[in-house]
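For the sequence shown, the tail end lands on 1663 under the working numbering, and the numbers increase by one without skipping. Shown next, in C-alpha cells, is the structure this report addresses.
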Amino acid sequence: MRWWSVANFVSNAGTWMQLTVQNLLVLQITGSAAATGLSMSVQAAPALLMSVLGGAAVDRWPRKLTAAVSQALLAVVAFTTATLVALDRLDMTTLMVLAAVTGMVATVDNPACALLGNDLVPAEDVPSAIGVGALVFNAGRLAGAALAGVTVGFLGTAAAYFANGFSFLFVTAVIPFLRPAAGAVRQAAVRQAAVGRAARRPASGTSVREGLAFFARRPRLLALAGVTGISAVFGRNYGLTLAVLVTGPLAGGAGAFGTVSTVLAAGGIVGAVLGARLRRPSVRLVGALAATGALLQIAAGLSPSLAMLVVLVLPMAVVESVSDTAGTAVLQTDPPAHLRGRVLGVWGSIGTVWSLGGPPALGLLMELAGPRGALITGGAVIALSLASGHLLHRRRVTTPVALTKDAAPQEALQTAA
C-alpha cells in the first residue's frame, strides 16, 4: 500500500502538471478561453457513454494487468503529445483527438486503479485506504500545479508532457510487485469465480446491464447519487464561485484568490486525513456533511470581508473532502465484489453529467443572481433538498397488519408476510 500510494502521488502530480500546461497550450495555439473549456470537455465526454463499458471490462479482466496496460497507454498518449509539442507539429485538432483518447482510456483506468488499491488492504480497512487515496490525490494536485510553472519556465511545455508520461510508466512498473492483503484474497477468489461465470455468458451487454440493474435497484446508491448530484450542481464548484466573489464584491485580486485556493487545498488535505479515520461511512453521514457544507456556503455568500471568507473556506473544504471520502467508500464497498467495476462505471457516467452540466448551470445562476446570490441560493437548494429527502425517508413506514382473533395463527402470519 505504501508503494501504491507513492506511485499514485507521482502519477497525480504528473497528471495535474499536464492538465495545467494543457490549458496554457490551448491558449497559446488558439488564444481562446472557450477553446480551453472545450478541450477539457472533450477529455471528459467519453466517460458519459463509455464508463459503464470500462467498468464491465474491469470486472472481466485481471485487475493488475488492466491497470498496468491502461497506465502504459496513457504514457504513450503523453509521450506522443510531448513529441508533437517539441517538434512544433501539434495543432488543435490533434490535441482534441489525443484528449479524447485519454478520456477513453481513463474510463477503464480509473475504476481499475481505484479497486486495485482496495485489494491491498483488509476489507475493514478499505475506508481508510480510500482516505489515504484522497490525501495522495490532493497532495499530488498541489505538487503538480506548482511543478507546472517551474517546468514550463525552465524546460518548456513539452517537458511537462514527458514528465507525465514517465509518471505513468512508474505506476506501470510498480503494479507487478503489488500483493493483495490477506483479507482481500478471499474477495479476489469470489470475484474471479463470478468473472468465470460471466465469461461463459453469450453477450457483454448482459454484463453491463447487471451493473445498471444493481445500481437502479439499490436505494443506498440512488440516495448517494441524489445527494452528490445536488451538491455538485449547486455547490462545490468553489473555483468558479469564489473566484468571482473574491475579484468582484470583495474587491480582491489574483493574489487574494490564490490565498483562498491555497486554503481550499489545505482543507482538502485535512479532510482527507480525517476521512481516512472513518470506519463505517454511510449515506446518512454523506448527507449530513453535505447539509453542513451547504450552510457554510450560505455563510460564505454573506461574508462581509475577505478575512471572514478565508475563515469559512477551510471548514468548507474539510467537510467536502470528508464527504467525498465517505461517499467513495460506500460506493466501492456496498456492491458485491464481482459488480464493483460496473457500479463504478455507472457512477462515472453519472458524475460526467454533473461535471459537464454543473459549471454552466452555476454560471447562469451567477449571471442572474451574482456570486453572493449564487452561493446563498445554491446552499439553500442543497439544504432544503436534503431536509425534504430526510423527512420523506422517515415517513416511509409499512402499514401494520391486524391479526383477528378468529384467524388461525399460521394464516395470520402468512397474511402479514
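Each residue gets a CB set at the ideal place from its N, CA and C atoms; glycine is no exception. Only a predicted model underlies this, so the values are computations on that prediction, with no experimental measurement involved.
To the nearest angstrom, how far is it from the Cα of residue i to the Cα of residue j?
i: Y1407; j: R1640; result: 52 Å
i: L1637; j: L1630; result: 11 Å
i: L1294; j: R1425; result: 32 Å
i: V1568; j: G1517; result: 5 Å
i: G1390; j: S1507; result: 14 Å
i: M1286; j: A1563; result: 23 Å
i: M1338; j: W1600; result: 26 Å
i: I1476; j: V1351; result: 28 Å
i: G1411; j: A1394; result: 14 Å
i: P1581; j: L1330; result: 43 Å
i: N1364; j: E1613; result: 43 Å
i: M1247; j: L1610; result: 43 Å
i: Q1268; j: S1316; result: 21 Å
i: G1603; j: A1478; result: 9 Å
i: G1533; j: P1527; result: 11 Å
i: V1589; j: F1460; result: 8 Å
i: T1574; j: A1471; result: 11 Å
i: F1255; j: L1381; result: 9 Å
i: V1627; j: Y1484; result: 16 Å
i: F1383; j: L1548; result: 31 Å
i: T1327; j: A1404; result: 8 Å
i: A1302; j: V1592; result: 10 Å
i: T1266; j: V1396; result: 12 Å
i: T1487; j: G1635; result: 26 Å
i: R1523; j: L1577; result: 17 Å
i: L1467; j: L1362; result: 21 Å
i: V1529; j: F1416; result: 35 Å
i: H1584; j: G1504; result: 44 Å
Quick one: is residue i buried, meaning 16 or more other Cβ sit within 10 Å of its Cβ, or exposed?
i: T1340; result: exposed
i: T1661; result: Any reading at T1661 needs caution, since the residue's pLDDT is 47, under 50, leaving its predicted position unreliable; the model's value is listed next. Burial call: exposed.
i: W1249; result: exposed
i: R1443; result: With a pLDDT of 48 at R1443, under the threshold of 50, the modelled position of that residue is not reliable, and the figure given next carries that caveat. Label assigned to R1443: exposed.
i: D1570; result: buried
i: D1334; result: exposed
i: L1311; result: exposed
i: P1550; result: exposed
i: R1586; result: buried
i: A1497; result: exposed
i: V1343; result: exposed
i: N1258; result: buried
i: R1309; result: buried
i: G1597; result: buried
i: A1419; result: exposed
i: G1300; result: buried
i: A1462; result: exposed
i: G1594; result: buried
i: P1617; result: buried
Residue i and residue j look like a contact to me (Cβ under 8 Å); what is the Cβ gap, rounded to whole Å?
i: L1535; j: V1490; result: Not quite, the Cβ-Cβ distance comes to about 25 Å (not below 8 Å), so this is no contact.
i: A1572; j: G1521; result: 6 Å
i: Q1289; j: A1345; result: 4 Å
i: A1427; j: P1368; result: 5 Å
i: S1413; j: G1260; result: 3 Å
i: G1379; j: W1262; result: Actually they do not touch by this definition, with Cβ atoms about 15 Å apart.
i: P1203; j: A1314; result: Residue 1203 cannot be examined here, being either before or after the span of the chain that is shown, 1247 to 1663.
i: G1624; j: F1480; result: 4 Å
i: T1353; j: V1323; result: In fact, because the Cβ distance is near 14 Å, the residues do not count as touching under 8 Å.
i: L1388; j: A1511; result: 5 Å
i: A1358; j: V1304; result: 5 Å
i: V1519; j: L1632; result: V1519 to L1632, Cβ: 25 Å. No contact.
Are the C-beta atoms of residue i and some chain C residue less than 8 Å apart?
i: G1587; result: Protein chains in the displayed structure number just one, and chain C is not present.
Considering only residues of the region 1371 to 1433, which uninterrupted alpha helix (DSSP H) runs meet the minimum length of 4 residues and lie entirely inside it, listed in chain order?
-> 1372 to 1401, 1403 to 1420
Could you pull out every unbroken alpha helix (DSSP H) segment of at least 4 residues lying fully inside the region 1455 to 1481, listed in chain order?
-> 1465 to 1480
For the region 1552 to 1599, list the alpha helix (DSSP H) runs that are entirely contained and at least 4 residues long, ordered along the chain.
-> 1552 to 1579
Uninterrupted beta strand (DSSP E) stretches inside the region 1316 to 1352 (no shorter than 3 residues) = Within the region 1316 to 1352, no run of beta strand (DSSP E) reaches 3 residues while sitting entirely inside it.
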